[in-house]
Amino acid sequence: MLLEALWSVSAPPGLRVLPAVEFLRRTWVQQFHQVDDVVRWREPKNLPPGLIRLRTPHEPEARTGSKRDLGWSGYKVHLSETCEPDAPHLITHVHTTPAPVNDVVVLENIHTAMAERGLLPDEHLVDAGYVDAEQIHHAQRDHNMELVGPVKKISNQKQVSGNFFDRRAALCPARALT
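Quick note: the sequence shown, position 138, residue 141 per this note's numbering, numbers continuous.
Here it is in structure tokens:
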């Protein structure tokens with residue numbers, strides 16, 4: 004096998020540090036393993052997590068992502084735009100991450116970048132992937148901005164059965180009257 008030849012005593016040591024050889028080595032280790040001198044595919048449960056798993060030799064930084072029923076290899080782009088009813092909609096910020104990075108993880112970076120350029124809105128409308136209690140708090144505390152979006156369903160059983168607040172108890176007073 005090529006990789007065995009590259010790591011043999013007779014191989015020039017400089018070959019081992021070539022980027023293409025390192026990419027081949029990483030790909031092989033992630034996809035295959037050897038059992039009793041037989042090369043076998045790794046089972047899906049033994050593959051590395053999406054954030055480090057290589058997807059294509061043409062784009063070594065590309066990773067696999069999924070959202071709901073959609074899966075892809077590559078990147079995720081987070082776009083921010085104005086949405087005033089009487090003005091054109093303009094892109095105010097673009098943030099790119101590897102595909103498997105969760106939306107909620109990048110929101111503070113997006114807010115900081117927009118603040119540095121004086122482009123923070125008073126109200127930031129986002130989808131469910133960006134919203135949690137911590138992000139709502141940080142948006143208000145750090146940027147004097149209201150973060151608006153659907154709050155995730157309860158995933159902690161203690162919240163459902165214990166004496167805790169949940170999203171059903173957090174109704175907007177104006178909506179409660181209608």
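Just so you know, even glycine gets a beta-carbon here, dropped at the ideal spot from N, CA and C. Computed from a prediction, not measured in an experiment: that's the story for all the values here.
Residue i (DSSP reduced to helix, strand or coil)
i: Val108; result: helix
i: Val24; result: helix
i: Gly132; result: helix
i: Pro101; result: strand
i: His141; result: helix
i: Leu6; result: helix
i: His92; result: coil
Spatial distance of residue i from residue j (CA atoms)
i: His98; j: Glu25; result: 29 Å
i: Thr181; j: Val151; result: Since pLDDT at Thr181 reaches only 44, below the 50 mark, its modelled position is unreliable, and no value is offered.
i: Gly68; j: Ile55; result: 12 Å
i: Val154; j: Ile139; result: 10 Å
Contact under 7 Å by Cβ, residue i with residue j
i: Arg66; j: Gly74; result: no
i: Leu50; j: Arg28; result: no
i: Gln33; j: Leu18; result: no
i: Ala116; j: Tyr78; result: no
i: Asp135; j: Val107; result: yes
i: Leu110; j: His146; result: no
Can you list the beta strand (DSSP E) stretches of 3 or more residues lying completely in the region 25-88, in chain order?
35-38, 41-44, 66-70 and 73-84
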